[in-house]
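Working notes for the structure below.
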Amino acid sequence: MAAQEDNESHQQFPVASFAVPSRTELEERLVLALNTRDGQQSCAQDGADPYTRAVRYVEQHRIVEIFQNITSRIAYERPDDPLQFMLNEIEKVRKGQKLETLK
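What follows is the structure, given as C-alpha cells:
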C-alpha cells in the first residue's frame with residue numbers, strides 16, 4: 002500500500018516523441034510564430050518580412066542541420082543520457098569543433 006501511495010505522489014511525465022519537421026512544416030511553424038497578435042506581420046528595417054528573416058537566421062546558424070545531426074545520432078547510438086549527449090554535442094559546436102556523422 003505504501004509503495005502504491007509513493008508511486009501516486011510522483012508525477013508521471015509522458016514520453017515525448019520528437020521528429021524532425023519537414024521543411025514545409027518548419028516554414029508553417031515559423032509563419033505562425035512570427036505573426037503578431039492582430040495577424041499582421043511586421044516588416045523588418047531591411048525590408049524583408051519576418052518569415053524570410055527567421056528562415057535566413059536559422060539557415061545562417063545551421064540550426065536545423067545541427068539538430069538533425071544530433072537527433073539522428075541519438076537514435077542510432079542510443080546514449081544512456083540523451084540530454085547530456087545533446088549538451089555535449091552543442092558544446093562542441095560552440096567551441097567550433099566538427100560534429101561526427103553516422104558511420
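Residue numbers (the working numbering): 2 to 104. Even for Gly, the Cβ is constructed at its ideal location relative to N, Cα and C. Every value quoted in this text rests on a predicted model; they were computed, and no experiment measured them.
DSSP state of residue i mapped onto helix, strand, coil
| i | result |
| --- | --- |
| residue 101 | coil |
| residue 23 | coil |
| residue 34 | helix |
| residue 49 | coil |
Exposed unless 16 or more other CB atoms sit within 10 angstroms - verdict on residue i
| i | result |
| --- | --- |
| residue 102 | exposed |
| residue 71 | buried |
| residue 74 | buried |
Opening and closing residue of the alpha helix (DSSP H) in which residue i lies
| i | result |
| --- | --- |
| residue 93 | 83-95 |
Nearest-angstrom Cβ-Cβ length linking residue i and residue j, presumed shorter than 8 angstroms
| i | j | result |
| --- | --- | --- |
| residue 100 | residue 90 | 6 angstroms |
| residue 27 | residue 65 | 7 angstroms |
| residue 31 | residue 49 | With a Cβ gap of about 13 angstroms, residue 31 and residue 49 do not count as contacting. |
- Message: Which complete alpha helix (DSSP H) runs does the stretch 57-84 hold, if anything under 4 residues is left out?
- Response: 64-78
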